[in-house]
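Asks:
Chains as they are written, first to last, in the working numbering: chain A, 1 to 321; chain B, 1 to 328.
1. Closer than 9 Å between beta carbons: that is the criterion. Which residues of the stretch 110-130 of chain A meet it against chain B?
2. Would you mind sorting residue 134 of chain B into buried or exposed? The rule is 16 or more other CB atoms within 10 Å of its CB.
3. Can you list, in chain order, the residues of its chain whose CB lies under 8 Å from that of residue 38 of chain B, leaving out five sequence neighbours each side?
4. DSSP beta-bridge partners for residue 120 of chain B?
5. Measure from the alpha carbon of residue 207 of chain A to the alpha carbon of each residue in A:148, A:250, A:265, then state which is nearest.
6. Would you identify the three-state DSSP class for residue 184 of chain B, choosing helix, strand or coil?
7. Pair every Cβ in the stretch 27-40 of chain A with every Cβ in the stretch 141-157 of chain A, then say whether three or more of these pairs are closer than 8 Å.
8. Does any C-beta atom of chain B lie closer than 8 Å to the C-beta of residue 152 of chain A?
9. In chain order, what are the residue ranges of uninterrupted beta strand (DSSP E) at least 3 long that sit wholly in the stretch 16-90 of chain B?
10. Go through the stretch 69-156 of chain A residue by residue and report every complete run of the alpha helix (DSSP H) that reaches 4 residues or more, in order.
11. Compute the distance between the beta-carbons of residue 99 of chain A and residue 108 of chain B, then report whether it is under 8 Å.
12. Could you spell out where the beta strand (DSSP E) holding residue 186 of chain A opens and where it closes?
13. Starting from residue 108 of chain A, find everything on chain B with Cβ-Cβ shorter than 8 Å and list it in chain order.
14. Using a Cβ-Cβ cut-off of 6 Å (strictly less than) and excluding sequence neighbours within five positions of residue 92 of chain B, which residues of its own chain qualify?
15. Less than 8 Å between the beta carbons of residue 157 of chain B and residue 16 of chain B, yes or no?
16. Using a Cβ distance threshold of 8 Å, determine whether the stretch 112-126 of chain B contacts the stretch 109-119 of chain A, with at least three qualifying pairs required.
17. Using only the alpha-carbon positions, how far apart do residue 45 of chain A and residue 282 of chain B sit?
18. So residue 98 of chain B contacts chain A; which residues on that side make the cut at Cβ distance below 7 Å?
19. Output needed in chain order: residues of the stretch 147-180 of chain A with a Cβ under 7 Å from some Cβ in chain B.
20. Can you name the residues of chain B whose CB is closer than 7 Å to the CB of residue 104 of chain A?
21. Measure the CB-CB distance between residue 25 of chain A and residue 67 of chain A and report whether it falls below 8 Å.
22. Name the chain B residues whose beta carbon is nearer than 7 Å to that of residue 14 of chain A?
23. Tell me where the beta strand (DSSP E) around residue 170 of chain A begins and ends.
24. Residue 262 of chain A bridges to which residues according to DSSP?
25. I'd like to know whether the C-beta atoms of residue 123 of chain A and residue 159 of chain A end up nearer to each other than 8 Å.
26. For residue 104 of chain A and residue 243 of chain B, what's the separation of their Cα atoms in angstroms?
27. Is there a Cβ of chain B sitting closer than 8 Å to that of residue 100 of chain A, yes or no?
28. Is there a Cβ of chain A sitting closer than 8 Å to that of residue 171 of chain B, yes or no?
29. Determine the DSSP secondary structure at residue 1 of chain A, reduced to helix, strand or coil.
30. Taking Cβ-Cβ distances below 9 Å as the criterion, which residues of the stretch 154-186 of chain B are in contact with chain A?
31. By Cβ distance, which residues of its chain are closer than 6 Å to residue 316 of chain B, with the 5 residues on each side in sequence left out?
32. Check distances from the C-beta atoms of the stretch 77-98 of chain B to those of chain A and list, in chain order, the residues that come in under 7 Å.
33. Can you tell me which of the three DSSP states residue 34 of chain A falls into?
34. Can you grab the Cα-Cα spacing for the pair residue 243 of chain A / residue 74 of chain B, in whole Å?
35. Alpha carbons only, please: which of A:92, A:253, A:56 is nearest the one belonging to residue 76 of chain A?
36. So which residues on chain A does residue 69 of chain B lean against when the C-beta distance must stay under 7 Å?
In structure tokens, the structure reads:
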């Protein structure tokens, strides 16, 4: 963020970035429903403040490891929408040439080191990225994202303790949308606040509002700085909600009556628009944030759809050196 | 300049690690008890003292050990980590199969995970069912992972250096009983060999015996017995199981038309089955049904007498060789 930027300008950019994620996800949903995209697709509609806020606190050399619900994290990290869409559409121009698909793509040149289709599987990798930084002197921070369900995976426990033991600069971000796939997290964990586990590892932990991009940026920024300065890992629990199913086709029978309506009240885009309006931001500026995002996603979709299909001749390459 | 030194199997691995740490600043060596204690089998002895923080102890966390090695390798390090007993790999297979093996493939070669994972396996008297298994087939079923099993002290040195130089993830499966095999002459300091290849321990035309790991000793002993009976068996020892020397093995089997495969792993789904399948696929017409010598499909017992009853001995291999040689 430049020094001349006003608070409103930052919030308008957050709004546009959240719209970019929202509209990308809606586009992917449409492409999945009409059969252009196939397979499992996990959307982050309602959770846009996390990736937008957190990625704006990272440096280019930092490493981001996300989950299978990672389209938004990739986009917020700077991966072009056209590369993401092409990947999901099985095109040769996809970020992994069609090898990753919706739930397991990566774009290392943008500091996006992958989604991960194994719940909690990316946490040890993030620890390694931070470990490498200790020896190569880059001061690289690894940001590791996972859901509330992953908090019960051994790999995540191992990673937090491992990073803590060596003061490694890893910021663990738990997106708590209150459902571990199709099961309420409250039924699977006796304690309420997942971030409290940080104390058991001797590291800092905090539960924060995950639906406000400014709060996320602020708290992730502090965690990144502390980690970079040798303070060791930090665990942040971002309280949020997904407004859609675990995957496209999820019947969402676990929802309570009226739940989605209640969650929609607090969803990050509507909330930020309300904030901007009550601060007197002119309506055309608010609308422009959405329109800019819509144009980008529409152009990216057209370009990705026109790209050639992934090259079956190349499918056997890159198994070994 | 290469020099000849008298080293045990474990000391040879130590010499290889020392050389890698000296020559490649990106090499890190870590795992449970490998730093200050120098490893429960002593393989990493003295390295911490010489190389400081590049050699370190970790929590007992196999997923974090292997996964952090993958992550560090993605960012330019070349970690050599230890999984103390191969059985302990099983708590961290995700990091091998779903993570390490995919890095190069999914990124179309833009990222790689050049990690070396050392472990040791095998049946030894008194080892329990969770410390005795031979699990090479688990890794061989995963494209993208290289696998080798040093047999001699020279292997122990050479294969480890080749693994560290390899740009793929490599699992190096040492053998516990071979740690106690006494000192052998080892040429150290020579050029690092490419991965792959095989060793012809005996040449012959009466039958082909293919083997790897600690079973090699029994196979060579059995072939000596057959030789005394006037039957020269070709013994092919394969230090690398991935890449596997298919051409050489198939050429030998086509020549002898009689085949025995011997390994210490369980029979069903063992890599011996793959060797038989490839021979069949290659259309090689055998003069006798092929025989697999392997541990029967059961859990491994601890008591020395029980263990000895299930692990193939040289006599078992001798019997198998006589069987294929005698068949018309």
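Even for Gly, the Cβ is constructed at its ideal location relative to N, Cα and C.
Replies: From the atom records:
1. 113, 114, 116, 117, 118, 120, 121, 122, 123, 124, 125, 126, 127, 128, 129, 130
2. For the purposes of this step, residue 134 of chain B is taken as residue 134 along the second chain, with counting starting at 1. By the 10 Å Cβ count, residue 134 of chain B comes out buried.
3. Walking along the second chain from the start, residue 38 of chain B turns up at place 38. Excluding sequence neighbours, residue 38 of chain B sits near 44, 45, 46, 47, 48.
4. Here the question's residue 120 of chain B lines up with position 120 in the second chain. Bridge partners of residue 120 of chain B: B:174.
5. Within the first chain, numbered from 1, the residue matching residue 207 of chain A stands at position 207. Measuring from the Cα of residue 207 of chain A, the nearest candidate turns out to be A:148.
6. Walking along the second chain from the start, residue 184 of chain B turns up at place 184. Strand, per DSSP.
7. no
8. Your numbering for residue 152 of chain A matches position 152 in the first chain. No, its Cβ sits nowhere closer than 8 Å to a Cβ of chain B.
9. 27-31, 55-57, 78-82
10. 71-77, 81-88, 123-136
11. Walking along the first chain from the start, residue 99 of chain A turns up at place 99. Walking along the second chain from the start, residue 108 of chain B turns up at place 108. Yes, the Cβ-Cβ distance between residue 99 of chain A and residue 108 of chain B is below 8 Å.
12. As a first step, residue 186 of chain A is located in the first chain; it is residue number 186 there, counting from the start. Taken as a continuous stretch (DSSP letters only), residue 186 of chain A belongs to no beta strand (DSSP E), as it is neither H nor E.
13. Along the first chain, one-based indexing puts residue 108 of chain A at 108. Those within 8 Å of residue 108 of chain A in chain B are 74, 107, 110, 111.
14. Counting from 1 along the second chain, the entry for residue 92 of chain B is found at position 92. If we look at residue 92 of chain B and ignore the five residues flanking it on each side, its Cβ neighbours are 62, 63, 66.
15. Counting from one through the second chain, the residue named residue 157 of chain B turns up at place 157. Counting from one through the second chain, the residue named residue 16 of chain B turns up at place 16. Taking 8 Å as the Cβ cut-off, residue 157 of chain B and residue 16 of chain B qualify as a contacting pair.
16. no
17. Stepping through the first chain from its first residue, residue 45 of chain A is reached at position 45. Stepping through the second chain from its first residue, residue 282 of chain B is reached at position 282. The alpha-carbon atoms of residue 45 of chain A and residue 282 of chain B are separated by roughly 54 Å.
18. Mapped onto the second chain, residue 98 of chain B falls at position 98. Going along chain A in sequence order, the residues near residue 98 of chain B (Cβ under 7 Å) are 118, 121.
19. 154, 155, 158, 159, 161, 162, 165
20. As a first step, residue 104 of chain A must be located in the first chain, where it is residue number 104. Within chain B, the residues near residue 104 of chain A are 106.
21. Here the question's residue 25 of chain A lines up with position 25 in the first chain. Here the question's residue 67 of chain A lines up with position 67 in the first chain. The answer is no: Cβ separation not under 8 Å.
22. As a position in the first chain, residue 14 of chain A is number 14, starting the count at 1. Those within 7 Å of residue 14 of chain A in chain B number zero; the least Cβ separation is about 30 Å.
23. The residue labelled residue 170 of chain A in the question sits at position 170 within the first chain. Residue 170 of chain A -> beta strand (DSSP E) spans 170-176.
24. Taking the first residue of the first chain as position 1, residue 262 of chain A is located at position 262. Answer is none; residue 262 of chain A lacks a bridge partner.
25. The sequence position of residue 123 of chain A within the first chain is 123, counting from 1. The sequence position of residue 159 of chain A within the first chain is 159, counting from 1. For residue 123 of chain A and residue 159 of chain A, yes; Cβs fall inside 8 Å.
26. The count along the first chain starts at 1 and reaches residue 104 of chain A at position 104. The count along the second chain starts at 1 and reaches residue 243 of chain B at position 243. When rounded, the distance between both Cα atoms is 27 Å.
27. As a first step, residue 100 of chain A must be located in the first chain, where it is residue number 100. True, the Cβ-Cβ gap to chain B drops below 8 Å.
28. Against the second chain, residue 171 of chain B aligns to sequence position 171. Chain A, which has no Cβ nearer than 8 Å to the Cβ of residue 171 of chain B, makes this no.
29. Residue numbering aside, residue 1 of chain A sits at position 1 when the first chain is read from its first letter. For residue 1 of chain A, the predicted model reports a pLDDT of 49, less than 50, meaning its position is unreliable; a value from the coordinates is still stated below. Residue 1 of chain A falls in the coil class under three-state DSSP.
30. 166, 167, 168
31. On the second chain, position 316 is the one that residue 316 of chain B refers to. So the qualifying residues of the chain are 293.
32. 77, 94, 95, 98
33. Position 34 of the first chain, counted from the start, is the residue given in the question as residue 34 of chain A. It is coil, neither helix nor strand.
34. On the first chain, position 243 is the one that residue 243 of chain A refers to. On the second chain, position 74 is the one that residue 74 of chain B refers to. Distance between the alpha carbons of residue 243 of chain A and residue 74 of chain B: 35 Å.
35. As a first step, residue 76 of chain A is located in the first chain; it is residue number 76 there, counting from the start. Of the candidates A:92, A:253, A:56, the one whose C-alpha sits nearest the C-alpha of residue 76 of chain A is A:56.
36. Residue numbering aside, residue 69 of chain B sits at position 69 when the second chain is read from its first letter. The answer, in chain order, is 128.
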